[in-house]
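Protein chains in written order, with the UniProt record's numbering: chain P, 1 to 293; chain R, 1 to 263; chain H, 1 to 431. Just so it is clear, CB atoms sit at the ideal spot from N, CA and C, and this is done for glycine as well. In this text the structure is predicted, and so the values were computed from the model without any measurement.
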Amino acid sequence: MDAWGALLDAYSLPFMARALMVLLVLSLVAGIVGVLVNLRGLEFISDGLTHAVFPGIAIGFVWGGREGLFAGAIVAAVLTAVVLAVLMRRAVPVDAAIAIVFTAMFSIGVIVVSRETNYVGQLEQLLFGRLLTISVVEVVQTVVICAIALLLVAVTLKEQLFRAFDRTGSSAVGYRPFVLDLVLNVAIALVVVAASSAVGTLLVLAVLIVPGAVARLVTVRLWLLFPVAAVFAAVAAWLGLSLGYLASVGAGVNLPSGATVVLVLVSGYALALVGRLLLDRVRALRPLPAAVR
Amino acid sequence: MNENDSQPRSTAPLALHVAGASFAYAQTPALEDVTFDLRAGEAVALIGPNGSGKSTLLKGVLGLIHRTKGTVEVLGESPAPAGAVGYVPQADELDPEFPVTLEQVVMMGRYRSLGWLRLPGKRDRAHVAAALEAVGLAERARTRFGELSGGQQQRGLLARALASGPRLLLLDEPFNGLDQENRNALVDTVKRLKADGVAVLVSTHDLELARDVCESVLLLNGGQVAFGPLDEVLSLENVQRTFRSVGVELDEHTVVVPGHTGH
Amino acid sequence: MDYFSTALLAAAVIGALCGLVGSLVVLRRRTFFAQALTHATFPGAVGAAMLGLSIPLGAFVASIAIVGIMTLIGRVRRQGSQVASGIVLTAGFALGVLLQALNPSLPVHVDSFLVGSILTTTGSDIGLAAGVLGLAVLAVVFFGKELLLSTFDPNGYRAAGYREWPVELLTLGLITATVVTAMPAVGAILAIALIAAPAAAARLLARTVGQILIAAPVLGATAGISGVLLSRALDVAAGPAIALTAAAFFLLALAVRQAPLPGRQPPDQWFPDPRPDRPAGHRSCRNPGQPRVEVMKRNTWQREAVRTALSDTVGFVSVQGLHSRLHATGSPIGLATVYRALADLAGEGEADCLQSPDGESLYRACSTTDHHHHLICRHCGLTVEIEADAVETWAKNVAAEHGFTQAAHVVDVFGLCAACTAASAATTAIA
Numbered sequence: 001m002d003a004w005g006a007l008l009d010a011y012s013l014p015f016m017a018r019a020l021m022v023l024l025v026l027s028l029v030a031g032i033v034g035v036l037v038n039l040r041g042l043e044f045i046s047d048g049l050t051h052a053v054f055p056g057i058a059i060g061f062v063w064g065g066r067e068g069l070f071a072g073a074i075v076a077a078v079l080t081a082v083v084l085a086v087l088m089r090r091a092v093p094v095d096a097a098i099a100i101v102f103t104a105m106f107s108i109g110v111i112v113v114s115r116e117t118n119y120v121g122q123l124e125q126l127l128f129g130r131l132l133t134i135s136v137v138e139v140v141q142t143v144v145i146c147a148i149a150l151l152l153v154a155v156t157l158k159e160q161l162f163r164a165f166d167r168t169g170s171s172a173v174g175y176r177p178f179v180l181d182l183v184l185n186v187a188i189a190l191v192v193v194a195a196s197s198a199v200g201t202l203l204v205l206a207v208l209i210v211p212g213a214v215a216r217l218v219t220v221r222l223w224l225l226f227p228v229a230a231v232f233a234a235v236a237a238w239l240g241l242s243l244g245y246l247a248s249v250g251a252g253v254n255l256p257s258g259a260t261v262v263l264v265l266v267s268g269y270a271l272a273l274v275g276r277l278l279l280d281r282v283r284a285l286r287p288l289p290a291a292v293r
Numbered sequence: 001m002n003e004n005d006s007q008p009r010s011t012a013p014l015a016l017h018v019a020g021a022s023f024a025y026a027q028t029p030a031l032e033d034v035t036f037d038l039r040a041g042e043a044v045a046l047i048g049p050n051g052s053g054k055s056t057l058l059k060g061v062l063g064l065i066h067r068t069k070g071t072v073e074v075l076g077e078s079p080a081p082a083g084a085v086g087y088v089p090q091a092d093e094l095d096p097e098f099p100v101t102l103e104q105v106v107m108m109g110r111y112r113s114l115g116w117l118r119l120p121g122k123r124d125r126a127h128v129a130a131a132l133e134a135v136g137l138a139e140r141a142r143t144r145f146g147e148l149s150g151g152q153q154q155r156g157l158l159a160r161a162l163a164s165g166p167r168l169l170l171l172d173e174p175f176n177g178l179d180q181e182n183r184n185a186l187v188d189t190v191k192r193l194k195a196d197g198v199a200v201l202v203s204t205h206d207l208e209l210a211r212d213v214c215e216s217v218l219l220l221n222g223g224q225v226a227f228g229p230l231d232e233v234l235s236l237e238n239v240q241r242t243f244r245s246v247g248v249e250l251d252e253h254t255v256v257v258p259g260h261t262g263h
Numbered sequence: 001m002d003y004f005s006t007a008l009l010a011a012a013v014i015g016a017l018c019g020l021v022g023s024l025v026v027l028r029r030r031t032f033f034a035q036a037l038t039h040a041t042f043p044g045a046v047g048a049a050m051l052g053l054s055i056p057l058g059a060f061v062a063s064i065a066i067v068g069i070m071t072l073i074g075r076v077r078r079q080g081s082q083v084a085s086g087i088v089l090t091a092g093f094a095l096g097v098l099l100q101a102l103n104p105s106l107p108v109h110v111d112s113f114l115v116g117s118i119l120t121t122t123g124s125d126i127g128l129a130a131g132v133l134g135l136a137v138l139a140v141v142f143f144g145k146e147l148l149l150s151t152f153d154p155n156g157y158r159a160a161g162y163r164e165w166p167v168e169l170l171t172l173g174l175i176t177a178t179v180v181t182a183m184p185a186v187g188a189i190l191a192i193a194l195i196a197a198p199a200a201a202a203r204l205l206a207r208t209v210g211q212i213l214i215a216a217p218v219l220g221a222t223a224g225i226s227g228v229l230l231s232r233a234l235d236v237a238a239g240p241a242i243a244l245t246a247a248a249f250f251l252l253a254l255a256v257r258q259a260p261l262p263g264r265q266p267p268d269q270w271f272p273d274p275r276p277d278r279p280a281g282h283r284s285c286r287n288p289g290q291p292r293v294e295v296m297k298r299n300t301w302q303r304e305a306v307r308t309a310l311s312d313t314v315g316f317v318s319v320q321g322l323h324s325r326l327h328a329t330g331s332p333i334g335l336a337t338v339y340r341a342l343a344d345l346a347g348e349g350e351a352d353c354l355q356s357p358d359g360e361s362l363y364r365a366c367s368t369t370d371h372h373h374h375l376i377c378r379h380c381g382l383t384v385e386i387e388a389d390a391v392e393t394w395a396k397n398v399a400a401e402h403g404f405t406q407a408a409h410v411v412d413v414f415g416l417c418a419a420c421t422a423a424s425a426a427t428t429a430i431a
């Protein structure tokens, strides 16, 4: 088993192809929703959402099994998004309140799962995903949910950027901040739902935060942020999946693919960070050609 | 202008009509009982100490805070017709690291008329170029907003308001901390806008600026102290009443107002 | 002692610790930071279990590494602390899962790291928690006023000549130690509820910091004990039960606070001072020379920064001068804001304002509100407050001569101070 085989041939296996498909769709979403999360500074809110959606996933899972999971999750996601939009309307980030309330909701999810048999295994699956065992139905569900999230954001993209740059200015020309916040929150929550069965609730946050942060490091051009984030996420997903495959087939170590994908994402971030710091250092040393005022 | 004193001062249509309006944040009243008119092509200066309600009035006209009573009509309509009002915030409230170019900031002024989902086209780009030309920043179009000087950012935000083609322009202390060059550029732009029939409401500490560009002055201190033509309203007594808590009286001709240098 | 009593004791000690240190987290607005830290302990704990080391030790080492990385990322332009916390948080989880997958035969189940297993705590766990609790109490008793001042008014704290890092290090150390010791009870994911909720509830109900520091540990311990009792009564996992009880306390406090009590103003916002750097209704130290905290009227951090910088300045200073000083200390404040804040301070009598000979407005912090005059150096701005009895007498006499009553005057003397005179003499001599 060589690296080349892991990077290409592995995807002729149907389960690997399905996993890659799901991750590529998520990358596209991360490129757009994730950049907005970064520009709006909603990392903490997103973390709250991932926790708050968990009881929905747990209840959906307990009632409807693997394929009923989405129904419960979507209900929880939309509810949470509305609650958050109401909180954000107060124009103050209520960080302690968000942490407390959403951790409490997470606890409810854990309690629901803890009453099941094989509690530990199922909890792990819900938290960390099971990328390699998702079914065709789940792939379709993921794609559809991501498409809705993308549509929501695409329709309001200009307006979201305006609000991110200048809250007062954007309300002054007549955009309703509550509507924009609600749309973005619902989109984030839908991404959380879509990603939760593949990479798991806890690692969704990486998909939402890391590509956007990398794009901010790489470019200061607004419209480049989106493709940079999406392409970075897609490449990381591909490498991460291949790494997991290589480890299990080549070395006989069974690594959870969700975790390898996240680790590749974070390593990519570390590289971008070091690169940016070095570049800034070099620029600072070299005198500017002409001091432009 | 050879105007007869017995005639109304202007026959231009009303751009902004505020009658007996009071505004409040949550439970706290912020500004009580304001009444004034602003006609197309004219400018009103809002003058008062900090916390006197200048920003509150601007936000009230924009409909961003709750009006507890009275009327606010823009071009005879309430709420204001879409796209009629342009607003210029203070540049130092924005994130200097935000990845946008000056051009993109100005383009935001076109978003409202574009509607959801549509992307800017040739016409919008022409508007943006014209607005940048108007504030004298055409050659900085591709510069990142955060890299501009404070004065240039302020002019850029004015250009954003211009790009939406407003009939009424609201400026929130646009001249604070500007150097002479930027100040002159802003004053020129505002004068040209007025000549084109745009009504301007500007809050400022700068009485000299009020003299330069405004026909009328509205003195505020939690409520309306006085409104009227500049020469009549800027009496020593009125200014003292406005700045009663903060003014320093030098002699019977001069009141030193903090934040205002000279005269 | 049977395992259930041990669990109750552990819940009480850990709850009290979380409440006490949680007060610092909530007051200093470090919730997301603490959250990231709790999550990041997970790989440390798994790693320690793999190597057969003590789990709190592994979690502690991991936390130290995490704090370092977060501090680094937080300082990079366009990244900031939220991004730092988010990245570290998810990286920690991914690493923990991988480590666990690499060693499937671990004796400890992954869920006990995540949601806690208080029923299996040992005497040494309790001993550790009690030790950390003791340290936290000592820290609050001995460094209380430094913690308080640096939390309420970081600029004033710096201006008073304190260094920032010892207090920062102390709080970081306490938060880290708490997160590590709380893991057995509530796990990596739920710990933040036990840390933030009692403190936030206390914050809503208490009037002073002292009350918060007492109420929060009591609430924390109560949440711990009731959580364990509830988990037995309802047959659910203990960690989630504790977290839910703590959250219920917070919601209860919120409801109490929302209900208008007779004689109390309805709160204008339902959670006080939550903005990370712009506290509303900020309490501040007016004179940074003495750590005396008093309640001021509504203020903004910008204004505080201007006030502090002004009182640090010797003599009169122009708006531009003060702005560039603030910038030099790394403050992002805008020129217009400095301008407005100075005008405000002058308006409220906290600063003197005068026109320089070239017509520029100059400001200076007032040290006294009594009537006095100034000697002002035209060159360096050095100002000396002078009593001028001769002027007072002369002014009174000259007014009386002309039949004036209630006479007032402003007299400031401009000149070159001794140092500038000497310097200018030296320059002349060289030239």
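Residue environment for Pro240 of chain H: buried (at least 16 other C-beta atoms within 10 angstroms of its C-beta).
Annotated as proximal: Tyr339 of chain H and Val319 of chain H, with beta-carbon spacing under 8 Å. Below 8 Å, too few C-beta pairs join the segment 44-62 of chain R and the segment 113-132 of chain P to call them touching: fewer than three.
Contact note: Val249 of chain P does not reach chain R at a C-beta cutoff of 9 Å; the least C-beta distance is about 42 Å. Positions of the alpha helix (DSSP H) runs, each at least 4 residues long and wholly inside the segment 118-160 of chain R, are given as 122-134 in order along the chain. Against chain P, the beta carbon of Ile192 of chain H has neighbours under 7 Å at Ala99 and Thr103, listed in chain order. By the C-beta density criterion, Phe113 of chain H is buried, having at least 16 other C-beta atoms within 10 angstroms. In the three-state reduction of the DSSP assignment, Ile376 of chain H falls in the strand class, which pools E and B. Between Ala161 of chain R and the set R:Val88, R:Val72 and R:Leu64, the nearest pair of CA atoms involves R:Val88.
Interface annotation, Ser78 of chain R: not in contact with chain P, CB-CB separation never under 8 Å. Close CB contacts of Thr50 of chain P within its chain, under the 6 Å cut and outside five residues either way in sequence, are with Val192, Thr201, Val204 and Leu205 (chain order). Taking the beta carbon of Phe98 of chain R as reference, the chain P residues within 8 Å of it are Leu39, Ala164 and Phe165, listed in sequence order. Close CB contacts of Ile14 of chain H within its chain, under the 7 Å cut and outside five residues either way in sequence, are with Ala129, Thr181, Ala182, Ala185 and Gly224 (chain order).
Among the bridge pairs identified by DSSP, Ala21 of chain R is matched with R:Val34. Beta-bridge analysis with DSSP links Phe414 of chain H to H:Ile376. Assignment of Gly240 of chain P by DSSP, reduced to helix, strand and coil, places it in the helix class. Per DSSP, the beta bridge partners of Ala199 of chain R are R:Leu168.
Asn238 of chain R does not reach chain H, its nearest Cβ partner there being about 17 Å away, counting only Cβ pairs nearer than 7 Å. Assignment of Ile98 of chain P by DSSP, reduced to helix, strand and coil, places it in the helix class. The Cβ neighbour count for Tyr269 of chain P, taken over all protein chains shown within 10 Å, is at least 16; the residue is labelled buried. Ala234 of chain P has its alpha-carbon roughly 45 Å from the corresponding atom of Leu252 of chain H. Judged by DSSP secondary structure, Pro198 of chain H falls outside any beta strand (DSSP E) and instead within the alpha helix (DSSP H) spanning Glu164 to Leu205.
Not flagged as an interface residue toward chain H: Asn184 of chain R, since no C-beta distance is shorter than 8 Å. Three or more pairs of CB atoms, one per stretch, sit closer than 8 Å, so the segment 16-26 of chain H contacts the segment 188-200 of chain H. Look at the segment 201-256 of chain H and you find no whole run of beta strand (DSSP E) that is 3 residues long or longer. 8 Å or more divides the Cβ of Asn254 of chain P from the Cβ of Ala94 of chain H. Of all residues in the segment 31-56 of chain R, only Pro49 and Asn50 come within less than 7 Å of chain H when Cβ atoms are compared, listed by chain position. Looking from the CA of Met108 of chain R, the closest CA among R:Ala185, R:Gly156, R:Ser22 and R:Asn176 belongs to R:Gly156.
Approximately 6 Å separates the beta-carbon atoms of Ala49 of chain H and Ile55 of chain H; this is inside 8 Å, confirming the contact.
In this structure Trp223 of chain P is exposed. Its beta-carbon is surrounded by fewer than 16 other beta-carbon atoms within 10 angstroms. A Cβ-Cβ separation of about 6 Å places Ala30 of chain P in contact with Ala229 of chain P under the 8 Å criterion.
A contact between stretches requires three or more CB pairs, one per stretch, nearer than 8 Å, and the segment 161-179 of chain H meets this requirement with the segment 124-143 of chain H. Scanning H:Thr421, H:Gly187, H:Ser226 and H:Ile386 for the CA closest to the CA of Asp412 of chain H turns up H:Ile386. Taking a contact to require three or more Cβ pairs closer than 8 Å, the segment 55-72 of chain P and the segment 157-164 of chain P do not qualify as touching. Cβ contact annotation for Gly68 of chain P (same chain, cutoff 8 Å, sequence separation greater than five): Gly60 and Phe61, in chain order.
Boundaries of the beta strand (DSSP E) around Pro229 of chain R: Gln224 to Pro229.
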